[in-house]
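Colleague: Below are the structure tokens for one structure; questions will follow.
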Amino acid sequence: MNDVARAAGLLRAGELVAFPTETVYGLGADASNPLAIAKIFAAKGRPADHPLIVHLPDASHLERWAVDIPEAARELAAAFWPGPLTLILKRHPSVLDAVTGGQDTVGLRVPNHPLALQLLREFDGTNGGANGGGLAAPSANRFGHVSPTTAAHVSEELGDAVALILDGGPCAVGIESTILDLSGGEPRILRPGMLDATVIGAVLGRVPAFGGDQDAPRVSGSLEAHYAPRTPLQLVATAELATTARKALVAGQRIAVLAAQPLIPEHQNLVWRRASAKPAQFAHDLYARLRELDALRCDLILVAAPPADEVWRAVADRLRRAAAGSK
Ligand code: TXA
Ligand code: MG
């Protein structure tokens with residue numbers, strides 16, 4: 001039996017299987033099995049009211065999970081699925097409360113990774129669609145930690161808790177999907193991702209707004225303390241990087257620096273890692289770099305703040321949360 005067939009069998013039996021997506025690795029469970037969903041929350045140490053994204057093999061599955069699906073959702077699905085876009089829609093009555101966090105909406109996406117798609121098709125096909133063919137999958141990290149972008153990261157985070165980790169190599173995108181709320185009212189981006197507002201706006205016919213209002217659904221990605229390394233992380237304007245680094249070194253601290261340019265002069269208590277000057281590459285590398293820098297056990301990680309452009313929004317968002325969460 002190949003790994004995908006084994007994984008599908010384990011999922012049907014209510015076990016957890018980690019699998020690669022183009023964004024980050026997911027911790028997958030049968031979205032129709034309450035016991036399997038409970039295992040996700042236990043493994044991650046995640047609060048029960050944080051809803052999960054349901055991953056589907058293709059857009060033809062939308063009706064099994066959502067109702068009142070707006071035309072915009074179909075157009076966006078046609079344009080961007082499989083891909084790093086999660087749509088928040090009104091839930092189908094059969095969707096488990098444990099998946100939606102008790103909300104009247106559900107998050108759905110079709111991931112763009114060959115192994116994930118094979119797994120989703122196998123999981124759906126071999127059960128005749130009886131379980132809806134959806135896999136609930138949060139990022140495969142412990143709650144509040146940096147998301148995993150390799151199979152080795154998953155194993156570090158959750159090794160004992162998963163029945164199987166499918167290894168699909170490093171994730172191409174590197175940060176989590178864009179979450180777009182289409183459940184009513186104005187379309188809103190609840191979590192920025194590499195699929196940005198401009199690109200989504202071109203299909204929607206208008207650029208979506210950001211953030212939720214008071215009645216908007218909860219998004220755990222909107223908690224400040226998220227995506228955080230254990231070492232304190234500080235975002236610093238590039239122009240102030242050298243001064244900030246010097247102060248820390250003078251104070252006897254060991255520091256790690258993530259920036260496009262090396263800091264001169266070099267210092268024995270300073271480790272520099274080159275950051276890409278391109279947003280897609282920066283995002284691709286980001287979580288692996290944070291893990292690497294965290295493992296150095298320095299006193300401080302300094303990251304050069306990205307430009308304030310729209311194309312850097314998702315990266316800037318994750319860095320801000322990493323900084324907030326590490327304090
Ligand atoms: O790229 C991704 O989206 C990855 C891969 C594995 O697909 N998944 C991911 O899942 O990032 P997770 O659980 O780490 O983050 C999902 C986010 C959470 O912040 C959750 O609150 C939000 O999606 N979410 C899920 N369902 C929702 C809903 N009905 N309304 C609002 N937010 C929702
Ligand atoms: Mg997550």
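Note that our numbering has the sequence shown beginning at 1, numbered continuously upward.
Glycine residues also receive a C-beta, built at the ideal position from the N, C-alpha and C atoms.
Every value quoted in this text rests on a predicted model; they were computed, and no experiment measured them.
With DSSP as the reference, label Ser328 as helix, strand or coil.
Modeller: Outside the shown range of the chain (1 to 327) lies residue 328, about which nothing can therefore be said.
Colleague: Along the chain, where does the beta strand (DSSP E) that runs through Lys90 open and close?
Modeller: If you number the sequence shown from 1, residue 90 lands on position 90. Start and end: 85-91.
Colleague: Please report the straight-line C-alpha distance between Thr100 and Ala116, rounded to a whole angstrom.
Modeller: Here residue 100 corresponds to residue number 100 of the sequence shown, with the count starting at 1. Here residue 116 corresponds to residue number 116 of the sequence shown, with the count starting at 1. Between Thr100 and Ala116, the C-alpha separation is close to 22 angstroms.
Colleague: Just the C-alpha distance for Cys171 and Asp294, rounded to the nearest angstrom, thanks.
Modeller: Counted from its first residue, the sequence shown places residue 171 at position 171. Counted from its first residue, the sequence shown places residue 294 at position 294. Their Cα atoms are separated by approximately 20 angstroms.
Colleague: Use the C-beta contact count for Arg297: other C-beta atoms within 10 angstroms, 16 or more gives buried, fewer gives exposed.
Modeller: Against the sequence shown, residue 297 aligns to sequence position 297. Answer is exposed; the Cβ neighbour count stays below 16.
Colleague: At what residues does the alpha helix (DSSP H) containing Gln281 begin and finish?
Modeller: One-based indexing of the sequence shown puts residue 281 at position 281. Looking at the DSSP string, the run of the alpha helix (DSSP H) that includes Gln281 is 279-295.
Colleague: Can you check which of these residues, Arg64, Ser276, Leu270, Gly26, is closest to Pro84 by C-alpha distance?
Modeller: Within the sequence shown, numbered from 1, the residue matching residue 84 stands at position 84. It is Gly26 whose Cα lies nearest to the Cα of Pro84.
Colleague: Output needed for Leu119: all residues of its chain with C-beta closer than 6 angstroms, excluding positions within five of it in sequence on either side, in chain order.
Modeller: The sequence position of residue 119 within the sequence shown is 119, counting from 1. Closer than 6 angstroms at Cβ, skipping near neighbours: Val4, Ala7, Phe19.
Colleague: Whose C-alpha, out of Arg291, Leu319, Glu186, is nearest the C-alpha of Leu204?
Modeller: As a first step, residue 204 is located in the sequence shown; it is residue number 204 there, counting from the start. Of the candidates Arg291, Leu319, Glu186, the one whose C-alpha sits nearest the C-alpha of Leu204 is Glu186.
Colleague: By a C-beta neighbour count over all protein chains shown, 10 Å radius and 16 as the cutoff for buried, is Met1 buried or exposed?
Modeller: The residue labelled residue 1 in the question sits at position 1 within the sequence shown. Exposed, by the Cβ-count rule.
Colleague: When every heavy atom of the ligand MG is checked, does at least one fall within less than 7 angstroms of the C-beta of Glu292?
Modeller: Position 292 of the sequence shown holds residue 292. Not under cutoff, so the answer is no.
Colleague: Given a threshold of 16 other Cβ atoms within 10 Å of its Cβ, counted over all protein chains shown, does Gly107 qualify as buried or as exposed?
Modeller: Start at 1 with the first residue of the sequence shown, and residue 107 comes out as number 107. By the neighbour-count rule (16 or more Cβ atoms within 10 Å), Gly107 is buried.
Colleague: Spell out the partners DSSP gives Thr243 in its beta bridges.
Modeller: One-based indexing of the sequence shown puts residue 243 at position 243. Thr243 is not bridged to any residue.
Colleague: With a threshold of 7 angstroms, establish whether the CB of Glu176 neighbours any heavy atom of the ligand MG.
Modeller: Residue 176 sits at position 176 when you count from the first residue of the sequence shown. Flag set: Cβ of Glu176 near the ligand MG.
Colleague: Would you report the Cα separation of His61 and Thr238, rounded to the nearest angstrom?
Modeller: By one-based count along the sequence shown, residue 61 stands at place 61. By one-based count along the sequence shown, residue 238 stands at place 238. Taking the straight line from one Cα to the other gives about 46 angstroms.
Colleague: Span of the beta strand (DSSP E) holding Leu258?
Modeller: Counting from 1 along the sequence shown, the entry for residue 258 is found at position 258. Element bounds for Leu258: 255-259.
Colleague: Considering only residues of the same chain and omitting the five flanking positions on each side of Ala59, which have a CB-CB separation below 8 angstroms?
Modeller: Here residue 59 corresponds to residue number 59 of the sequence shown, with the count starting at 1. Arg74, Ala77, Ala78, Trp81, Val110.
Colleague: Taking 7 angstroms as the cut-off, does the CB of Pro138 come closer than this to any heavy atom belonging to the ligand MG?
Modeller: Looking up residue 138 in the sequence shown gives position 138. Yes, since a heavy atom of the ligand MG falls inside the 7 angstroms radius drawn around the Cβ of Pro138.
Colleague: Identify every run of the alpha helix (DSSP H) within the region 54-78, keeping only runs that are complete inside it and at least 4 residues long; order them along the chain.
Modeller: Runs of the alpha helix (DSSP H) inside the region 54-78: 62-65.
Colleague: Could you tell me whether the region 158-169 touches the region 277-285, where touching means 3 or more Cβ pairs closer than 8 angstroms?
Modeller: The region 158-169 is not in contact with the region 277-285.
Colleague: My output table needs one value for Ile264: the three-state DSSP class, helix, strand or coil.
Modeller: As a position in the sequence shown, residue 264 is number 264, starting the count at 1. Ile264 falls in the coil class under three-state DSSP.
Colleague: Do the region 178-192 and the region 87-97 make contact, defined as three or more Cβ pairs closer than 8 angstroms?
Modeller: With the cut-off at 8 angstroms, the region 178-192 and the region 87-97 touch.
Colleague: At what residues does the alpha helix (DSSP H) containing Ala38 begin and finish?
Modeller: Here residue 38 refers to the residue found at position 38 when the sequence shown is read from its first residue. Start and end: 34-44.
Colleague: I need the straight-line Cα distance from Leu258 to Phe210, nearest angstrom please.
Modeller: Taking the sequence shown and counting its residues from 1, one reaches residue 258 at position 258. Taking the sequence shown and counting its residues from 1, one reaches residue 210 at position 210. Each residue's alpha carbon lies about 28 angstroms from the other.
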